[in-house]
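Numbering (this note's numbering), first residue to last: 46 to 337.
C-beta: ideal position from N, C-alpha, C; glycine also.
Here the structure is a predicted model, which is why all the values come from computation and not from measurement.
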Amino acid sequence: MRHLIDTTDFSTDEINSLISRADEFLQNSPNNILKNRKIITIFFENSTRTRSSFEVAAKNLGCEVISLDVSKSSSSKGETLFDTAANLDAMGPNAIVVRHKNAGVPNILARYVHCPIVNGGDGSHAHPTQALLDLFTLKKHFGDIKGKTIAIVGDIKNSRVANSNIEILKRFGMNIILAAPPHFMPDINMPKYNSLKDIADKVDVIMSLRTQTERHTNQIYASLKDYANGFCITKEILGKRDIIVLHPGPVHRNVDIDDEMMRDKRCKVLEQVKNGVAIRMAVLEKLIKGAA
């Protein structure tokens with residue numbers, strides 16, 4: 046049984062195959078290749094893009110989608126995570142997509158079910174399909190990304206998106222630098238900067254991250270405006286440089302990226318959303334067909 050808990054669950058060759066398959070899905074409408082299969086989505090954290098993306102991907106493949114409302118589920122009434130897993134498994138799904146505020150929950154669930162588990166994000170640990178769609182977006186734009194430089198900007202320390210992207214982008218040969226205030230900087234051995242102006246001439250890509258205020262035990266900034274003064278992506282900072290901008294969403298406008306930059310053709314946020322559906326179709330197809 047294969048699961049997707051972290052980006053390391055797929056080899057480089059498998060990821061290249063997923064990207065090729067996702068590109069095929071963008072070019073041609075699928076033909077109910079997973080008809081009569083059942084997928085359950087259960088998100089213990091709020092989500093719009095990721096949950097909707099998985100559900101659209103599943104329906105594009107012909108799957109039946111059962112979306113569980115956690116606020117009304119038995120877990121809110123004291124049911125243990127293990128009993129939740131057992132009950133979900135008893136429904137006979139072909140895959141379960143789960144998001145949870147605590148790191149490690151998808152990995153735990155994978156031990157108690159008989160179908161693939163797909164991690165839709167667990168705490169500050171990992172968000173593998175986001176990293177896959179970011180890689181897909183970069184490869185569609187550049188072709189070969191080896192030797193290109195990306196700056197990951199913002200609340201890196203608390204970001205599962207950053208963790209997954211660092212692993213996968215390094216594997217595909219990108220140079221990675223980090224830009225963040227000290228309290229958002231992780232303790233890892235990578236080039237680090239505390240100013241956007243210092244990196245503008247060094248990069249091909251800027252990946253802005255949302256400030257993870259829900260993961261902060263104490264308020265760090267007097268306001269998000271204070272953070273934005275130093276780390277909001279603006280046209281003034283980019284100038285006419287040929288730098289593309291990514292963001293996993295939701296974007297805090299004029300905090301992460303300003304309004305003008307969001308309208309700029311170098312901003313690839315909506316392309317990421319489009320590519321996300323295709324890459325999740327490829328992931329679901331691979332895991333469900335492989336489990337058959």
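query: Cα-Cα separation between serine 240 and arginine 144, rounded to whole angstroms; result: 33 angstroms
query: Endpoints, the beta strand (DSSP E) within which isoleucine 340 is located; result: Because the chain here runs from 46 to 337, residue 340 falls outside it and cannot be looked at.
query: Per DSSP, the bridge partner or partners of glutamate 305; result: Answer is none; glutamate 305 lacks a bridge partner.
query: Whole-number beta carbon distance between glycine 165 and valine 198, since they are thought to touch under 8 angstroms; result: Incorrect: roughly 23 angstroms between the Cβ atoms, too far for contact.
query: Contact between the region 168-178 and the region 188-198 (3+ Cβ pairs under 8 angstroms); result: no
query: Three-way DSSP call (helix, strand, coil) for aspartate 68 in this model; result: helix
query: Boundaries (first-last residue) of the alpha helix (DSSP H) holding aspartate 167; result: Premise fails: aspartate 167 lies in the beta strand (DSSP E), 162-167, not in any alpha helix (DSSP H).
query: Helix, strand or coil at isoleucine 153 according to DSSP, with G and I counted as helix; result: helix
query: For tyrosine 238, the residue or residues it bridges with in DSSP; result: Ala224
query: Simplified DSSP state of histidine 172, which is helix, strand or coil; result: coil
query: Where the alpha helix (DSSP H) containing threonine 86 begins and where it ends; result: First-last for threonine 86: 83-88, but that is the beta strand (DSSP E), not the alpha helix (DSSP H).
query: For histidine 145, three-class secondary structure by DSSP; result: strand
query: Arginine 308 beta carbon less than 8 angstroms from that of isoleucine 288; result: no
query: Whole-angstrom distance between serine 209 and alanine 131, CA atom to CA atom; result: 28 angstroms
query: Within 8 angstroms, strictly: CB atoms of histidine 181 and asparagine 320; result: A small correction: the amino acid at residue 181 is phenylalanine; histidine does not occupy that position in the sequence shown. Yes, the Cβ-Cβ distance between phenylalanine 181 and asparagine 320 is below 8 angstroms.
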